[in-house]
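Asks: Right, I'll just put the structure down here and ask away after.
Numbering (this note's numbering), first residue to last: 144 to 454.
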């Protein structure tokens, strides 16, 4: 944490620790902070996840969490991969978790794939030497609403229906799938916030490490960094109301409010999306947020989500 942030927080640092610890306790593997640590620094857990999703044995030789890929074009958009793995055959695999509809456009997969591809060939190498790439999105909802556990996307020749075979693969995983098979069990584990509720022993131990043991500090710093960045952006807008001479007071109030606002907004977004996608009823969503049905419908509509008709 920067000195400026410490100074701004002052005596409220302990209070914010309580907020952050509460947030960590509620996290599941659909949160990219936890997911990137559990898989991005652990070959064993990454191999387990990929074996279930890709339905074959896979040997990972390198894996990184929150791996930033910089765009070589000035002003071009960079991306940060939740988990970036490379297997023994040189294939690059990007694993992303997505809990809401923001940023879920299908062209995102195309962009992620192109950013990985651009780094696979060195000067003088032939195009045929480029390795396969996989972009895997694990959604907290059923992206295509067909009830299937997976959706595999590959290029095909329109006229013949044959696979184009360029080595580019995109896989969407339905996080709401509940079948009694490996992927169903894996997705149920992804929804658990307590390590002892996770069926996979490998995943349970990894999550416990970051929630309850030595890794708790690393988890806290990752969440704090995210919360502070959100809060500082919130504070900038807040401080504008007071003028530059009261910037520090505005920052202090904005950071305190921003952390709470970030947690509340994330919770509401998750529930609004679940109701819109039919995973929760309107009544259930209102209950979870402690609102009346009328208040919930109004809030959901004002946030830009489609409110299903009550049956």
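From the three backbone atoms N, C-alpha and C, an ideal C-beta is built for every residue, glycine too.
Thinking C-alpha only, which one of 420, 190, 350 and 436 is nearest residue 169?
Replies: Taking the first residue of the chain shown as position 1, residue 169 is located at position 26. Taking only the C-alpha atoms, the option nearest residue 169 is 350.
Asks: Under 8 Å by Cβ, that's how I've got residue 314 and residue 279 pegged, so tell me the actual separation to the nearest angstrom.
Replies: By 1-based counting over the chain shown, the position of residue 314 is 171. By 1-based counting over the chain shown, the position of residue 279 is 136. That belief holds up - the Cβ atoms of residue 314 and residue 279 are roughly 5 Å apart, short of 8 Å.
Asks: Could you tell me the alpha carbon to alpha carbon distance between residue 346 and residue 424, rounded to whole angstroms?
Replies: Counting from 1 along the chain shown, the entry for residue 346 is found at position 203. Counting from 1 along the chain shown, the entry for residue 424 is found at position 281. Taking the straight line joining both Cα atoms gives about 31 Å.
Asks: Alpha carbon to alpha carbon, what distance is there between residue 206 and residue 214?
Replies: On the chain shown, position 71 is the one that residue 214 refers to. On the chain shown, position 63 is the one that residue 206 refers to. Near 21 Å, if we compare the C-alpha coordinates of residue 206 and residue 214.
Asks: Going by beta-carbon coordinates alone, are residue 312 and residue 275 separated by less than 8 Å?
Replies: Against the chain shown, residue 312 aligns to sequence position 169. Against the chain shown, residue 275 aligns to sequence position 132. In contact: residue 312 and residue 275 (Cβ atoms closer than 8 Å).
Asks: Would residue 189 be called buried (16 or more neighbouring beta carbons within 10 Å of its own) or exposed?
Replies: Counted from its first residue, the chain shown places residue 189 at position 46. Residue 189 should be labelled buried.
Asks: Is there contact between the stretch 353 to 367 and the stretch 160 to 179, where contact requires at least three CB pairs shorter than 8 Å?
Replies: yes
Asks: Which residues in the same chain have their Cβ closer than 7 Å to the Cβ of residue 443, if we skip the five residues on either side of it in sequence?
Replies: The residue labelled residue 443 in the question sits at position 300 within the chain shown. Closer than 7 Å at the Cβ level, and outside the excluded window around residue 443, lie 415, 418 and 450.
Asks: Could you say if the stretch 287 to 294 and the stretch 315 to 322 meet the contact criterion of at least three C-beta pairs nearer than 8 Å?
Replies: yes
Asks: What number of angstroms, rounded off, separates the C-alpha of residue 430 from the C-alpha of residue 413?
Replies: One-based indexing of the chain shown puts residue 430 at position 287. One-based indexing of the chain shown puts residue 413 at position 270. So the alpha carbons of these two residues sit roughly 14 Å apart.
Asks: Given residue 432, which residues of its chain have a CB within under 7 Å of its CB, disregarding the five upstream and five downstream residues?
Replies: If you number the chain shown from 1, residue 432 lands on position 289. Counting only Cβ-Cβ distances below 7 Å, and skipping sequence neighbours, we find 411, 414 and 439.
Asks: I'd like the ranges of any beta strand (DSSP E) spanning at least 3 consecutive residues and lying wholly in the stretch 267 to 311.
Replies: 276 to 282 and 293 to 296
Asks: Hey, how far is the Cα of residue 183 from the Cα of residue 267?
Replies: Counting from one through the chain shown, the residue named residue 183 turns up at place 40. Counting from one through the chain shown, the residue named residue 267 turns up at place 124. Straight-line Cα distance between these residues: approximately 31 Å.
Asks: Are there 16 or more other CB atoms within 10 angstroms of the CB of residue 256, so buried, or fewer, so exposed?
Replies: What you label residue 256 is simply residue 113 of the chain shown in a count that begins at 1. Buried, since its Cβ has 16 or more Cβ neighbours within 10 Å.
Asks: Using beta-carbon positions only, say whether residue 194 and residue 204 come within less than 8 Å of one another.
Replies: As a working mapping, residue 194 is identified with position 51 in the chain shown. As a working mapping, residue 204 is identified with position 61 in the chain shown. In this structure, residue 204 does not lie closer than 8 Å to residue 194 by Cβ.
Asks: So, is residue 448 buried or exposed, given that buried needs 16 or more other C-beta atoms within 10 angstroms?
Replies: Here residue 448 corresponds to residue number 305 of the chain shown, with the count starting at 1. Buried.
Asks: Which residues in the same chain as residue 306 place their Cβ atom closer than 7 Å to its Cβ, once the five residues preceding and following it in sequence are excluded?
Replies: Walking along the chain shown from the start, residue 306 turns up at place 163. Excluding sequence neighbours, residue 306 sits near 297 and 299.
Asks: Using DSSP with H/G/I as helix, E/B as strand and the rest coil, what is residue 208?
Replies: On the chain shown, residue 208 is found 65 positions in, with the first residue counted as 1. Note: residue 208 maps to strand in three-state DSSP.
Asks: According to DSSP, simplified to helix, strand and coil, what is residue 478?
Replies: Only positions 144 to 454 of the chain appear in this structure, which leaves residue 478 out of reach.
Asks: Looking at C-alpha atoms only, which residue of 334, 335, 337 and 210 is the closest neighbour of residue 235?
Replies: Here residue 235 corresponds to residue number 92 of the chain shown, with the count starting at 1. Selected option, being the one with the closest Cα: 210.
Asks: Taking Cβ to Cβ, would you say residue 133 is nearer than 8 Å to residue 342?
Replies: With the chain covering 144 to 454 only, the question about residue 133 has no answer from this structure.
Asks: Going by DSSP in three states, residue 223 sits in which element: helix, strand or coil?
Replies: Against the chain shown, residue 223 aligns to sequence position 80. Looking at residue 223 - three-state DSSP - the assignment turns out to be strand.
Asks: Have a look at the DSSP bridge pairing and note the partners of residue 483.
Replies: Outside the shown range of the chain (144 to 454) lies residue 483, about which nothing can therefore be said.
Asks: Helix, strand or coil, according to DSSP, for residue 441 in the structure here?
Replies: Within the chain shown, numbered from 1, the residue matching residue 441 stands at position 298. If DSSP states are grouped into helix, strand and coil, residue 441 belongs with the helices.
Asks: Straight-line CA distance for residue 166 to residue 336?
Replies: Taking the first residue of the chain shown as position 1, residue 166 is located at position 23. Taking the first residue of the chain shown as position 1, residue 336 is located at position 193. So the alpha carbons of these two residues sit roughly 10 Å apart.
Asks: Under the DSSP definition of a beta bridge, which residues are partnered with residue 314?
Replies: By 1-based counting over the chain shown, the position of residue 314 is 171. The partner list for residue 314 (beta bridge, DSSP) reads 279 and 295.
Asks: From the DSSP output, read off the bridge partner residues of residue 203.
Replies: Counting from one through the chain shown, the residue named residue 203 turns up at place 60. DSSP lists 230 as partners of residue 203.
Asks: Taking 8 Å as the limit between beta carbons, can you name the residues of its chain near residue 171, skipping five residues before and five after?
Replies: Position 28 of the chain shown, counted from the first residue, corresponds to residue 171. Cβ neighbours of residue 171 beyond the five flanking positions: 177, 333, 334, 335 and 336.
Asks: Ignore the nearest five residues each way along the sequence and tell me which others in residue 273's own chain have a CB closer than 8 Å to its CB.
Replies: Stepping through the chain shown from its first residue, residue 273 is reached at position 130. The residues are 260, 263, 264 and 310.
Asks: Measure the alpha-carbon distance for residue 301 versus residue 308 and round it to whole angstroms.
Replies: Residue mapping note: residue 301 aligns to position 158 of the chain shown, counting from 1. Residue mapping note: residue 308 aligns to position 165 of the chain shown, counting from 1. Looking at the two C-alpha atoms, the distance is approximately 13 Å.
Asks: Alpha carbon to alpha carbon, how far is residue 185 from residue 435?
Replies: On the chain shown, position 42 is the one that residue 185 refers to. On the chain shown, position 292 is the one that residue 435 refers to. Separation of residue 185 and residue 435 (C-alpha to C-alpha, rounded to the nearest whole angstrom) is 44 Å.
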